[in-house]
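Colleague: Numbering that gives the first Met the number 0 numbers the first residue of the sequence shown as 0 and each following residue consecutively.
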Amino acid sequence: MSVTAVVGANWGDEGKGKITDFLAGDSEWVVRYQGGSNAGHTIVNQWGKFALHLLPSGVFYPHVSNVIGPGVAVNLSLLLDELDALQARGVPLPKLLVSERAQVVLPVHLLLDRLEEERLGASQFGSTRSGIAPFYADKALKTGIQIADLFIRDRLQDRIGRCLDLKNPLLVHGYHQLPVDSADLLNTLQADALRIAPYVADTTALLQQAVSRGERILLEGQLGALRDPDHGIYPFTTSSSPLAGYASVGAGIPPYALRRIIAVTKAYSTCVGAGPLVTELMGAEAQTLRERGGDGGEYGATTGRSRRVGWFDAVATRYGTHIQGATEVALTNLDVLSHWQEIPLAVGYRLDGKVEMKFPNSTRLAAAEPIWETCRGWGTDISAIRDYRTLPQPAREYVERIEELLDIPMRLISVGPRREQMLVKP
Ligand code: GDP
0 MSVTAVVGAN WGDEGKGKIT DFLAGDSEWV VRYQGGSNAG HTIVNQWGKF ALHLLPSGVF
60 YPHVSNVIGP GVAVNLSLLL DELDALQARG VPLPKLLVSE RAQVVLPVHL LLDRLEEERL
120 GASQFGSTRS GIAPFYADKA LKTGIQIADL FIRDRLQDRI GRCLDLKNPL LVHGYHQLPV
180 DSADLLNTLQ ADALRIAPYV ADTTALLQQA VSRGERILLE GQLGALRDPD HGIYPFTTSS
240 SPLAGYASVG AGIPPYALRR IIAVTKAYST CVGAGPLVTE LMGAEAQTLR ERGGDGGEYG
300 ATTGRSRRVG WFDAVATRYG THIQGATEVA LTNLDVLSHW QEIPLAVGYR LDGKVEMKFP
360 NSTRLAAAEP IWETCRGWGT DISAIRDYRT LPQPAREYVE RIEELLDIPM RLISVGPRRE
420 QMLVKP
């Protein structure tokens, strides 16, 4: 039995796509289990650079079955467009399976997401406007539409009616918009159904069989632990759980099967959208880190927005790895720090005049100030190094200090955006 989850330890954008892509070569299955097109996993390989939003990161390997699990918010037209775009760039058509129990993101979810952010104005959450919050609200209200519903006209009509009964009064009276026409929505969904039909399957049964055959399954989380609605920085969270614990639910895999949980963290901090970020940098320092970070700068893969940046935060990351239940940590973007002679990292918080080593709840977090420790920089390019032992001594000291602070073994260390830029720590 070999089920591995690759999940985020922080606020998202940790480089999970890179790690999943690296591990997918040795897997038979790669599964998305929550979230939707608000994700943006960046992958750089022999075909070029891709920002995957809905497709699992195993789509570049012909032997991998890629699953969209029941927990995912499926924007059908975006999913199909993404598939077409891969083929247009020469990637062979991947094996894709979409759960018949997954629910669909409707155009009205996108509309409501945008209208609500506009209504909030300066206090908006910084949503990617992919319709995710209204989608999961509908699921909880039991007014969502499952993919299986798309193929039975009467049932689909009934489900649309139930959904619009609530949405149209809100659109008309709350946001002063025109109501959604149910016949138009029916036509749109039926057209999407025809296109998605070849990929629809009972993925839960297929994955249960794969587990019992001992096949290798990779579960791919979206966003990071601190965006979890229960354990994260609520209300600056997402609407589904990005935790490995939820992977079992959103994919349909027995919890006991999950043996390896890799929490991915960057060698510094980044965060898209609003909410407290204790180690945040501002001004010129932030701009330097932003420009040097990631692959061509720290700009969101979904929205292109500037990411907020800061130094590594051991308090937040330790909490993130613990709520993920991480069995190991993967560190990405170490190469980005090659520029600095000294690298600060936050080893604790100062809060209410006291030293705090635990991650505080949302009511206290905004007042937390970092307690810094300074590590030696290495000042030389490490992106071509392939053996951990040949990293400059200060780079190894930095990695090992983080490992010590997190108290979880670190195995994979990424030194560049490309697949082969990876070190396996002995
Ligand atoms: P994800 O959603 O967690 O997969 O993360 P994103 O893809 O949104 O953001 C990670 C960014 O870092 C992308 O631009 C990646 O190409 C880039 N990246 C991943 N690993 C590395 C690395 O080790 N070094 C550098 N320089 N960039 C990396």
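A virtual CB, placed ideally from N, CA and C, is assigned to each residue, including glycine.
Predicted model only: the values in this text are computed from it and were never measured.
To the nearest angstrom, how far is it from the Cα of VAL398 to the Cα of LEU242?
Modeller: Between VAL398 and LEU242, the C-alpha separation is close to 24 Å.
Colleague: Quick one, are the C-beta atoms of VAL263 and LYS94 less than 8 Å apart?
Modeller: No.
Colleague: Pull up the distance between the alpha-carbon of VAL27 and that of ILE252, whole angstroms please.
Modeller: Note on identity: in this sequence residue 27 is Glu, with Val being the wrong assignment. Going by the C-alpha atoms only, they are around 15 Å apart.
Colleague: Which whole-angstrom value is the C-beta distance of ALA23 and GLY57, which I expect to be below 8 Å?
Modeller: With a Cβ gap of about 4 Å, ALA23 and GLY57 count as contacting.
Colleague: Unbroken beta strand (DSSP E) runs of length 3 or more, entirely within the segment 57-119: which are they?
Modeller: DSSP runs (the beta strand (DSSP E)) wholly in the segment 57-119: 64-67, 94-98.
Colleague: Taking the CB atoms as reference points, tell me whether GLN156 and LEU193 lie closer together than 8 Å.
Modeller: Result no, Cβ atoms of GLN156 and LEU193 do not sit closer than 8 Å.
Colleague: Can you tell me whether ASN360 is buried or exposed? The criterion is at least 16 other CB atoms within 10 Å of its CB, across all chains shown.
Modeller: Flag for ASN360 reads exposed.
Colleague: Taking contact to mean at least 3 C-beta pairs separated by less than 8 Å, is the segment 28-37 in contact with the segment 63-71?
Modeller: Verdict: yes, contact present.
Colleague: Name, in chain order, the residues that DSSP records as bridge partners for PHE49.
Modeller: Answer by DSSP bridge pairing, in chain order: ILE42.
Colleague: What are the start and end residues of the alpha helix (DSSP H) that includes GLN221?
Modeller: Where GLN221 is concerned, there is no enclosing alpha helix (DSSP H), although the beta strand (DSSP E) it sits in stretches over 215-223.
Colleague: What would DSSP say about VAL248, mapped onto helix, strand or coil?
Modeller: It is helical.
Colleague: What are the start and end residues of the beta strand (DSSP E) that includes VAL308?
Modeller: Unbroken beta strand (DSSP E) run through VAL308: 307-309.
Colleague: In this structure, how does DSSP classify THR331 when only helix, strand and coil are distinguished?
Modeller: Three-state result, THR331: strand.
Colleague: Evaluate GLU297 with the Cβ neighbour count: other Cβ atoms within 10 Å of its Cβ, from every protein chain shown; 16 or more gives buried, anything less gives exposed.
Modeller: By the 10 Å Cβ count, GLU297 comes out buried.
Colleague: Is the segment 325-334 touching the segment 402-409 in the sense that three or more CB pairs, one from each, lie closer than 8 Å?
Modeller: These segments touch.
Colleague: Using beta-carbon positions only, say whether PHE124 and GLY272 come within less than 8 Å of one another.
Modeller: Yes, Cβ-Cβ distance for PHE124 and GLY272 is below 8 Å.
Colleague: If the criterion is Cβ atoms closer than 8 Å, does the pair ALA8 and GLY223 meet it?
Modeller: Yes.
Colleague: Return the Cβ separation of THR278 and GLY299 in integer angstroms, given the expectation that the two are a contact with Cβ distance under 8 Å.
Modeller: Contact doesn't hold; Cβ gap of about 19 Å is too wide.
Colleague: On the CB-based measure, 16 or more other CB atoms within 10 Å of its CB, does PRO55 come out buried or exposed?
Modeller: Classification of PRO55: buried, given that the 10 Å Cβ count is 16 or more.
Colleague: Would you say the segment 232-240 touches the segment 43-52, given that touching needs at least three Cβ pairs under 8 Å?
Modeller: With the cut-off at 8 Å, the segment 232-240 and the segment 43-52 do not touch.
Colleague: What do you get for LYS357, buried or exposed, if any count of 16 or more other CB atoms within 10 angstroms of its CB means buried?
Modeller: With fewer than 16 other Cβ atoms within 10 Å, it is exposed.
Colleague: Return yes when the C-beta of THR3 is under 7 Å from any heavy atom of ligand 1, and no when it is not.
Modeller: False, no ligand heavy atom lies under 7 Å from that Cβ.
Colleague: Say whether chain B places a C-beta atom closer than 8 Å to the C-beta of TYR255.
Modeller: Absence of chain B from the displayed structure is noted, only one protein chain being present.
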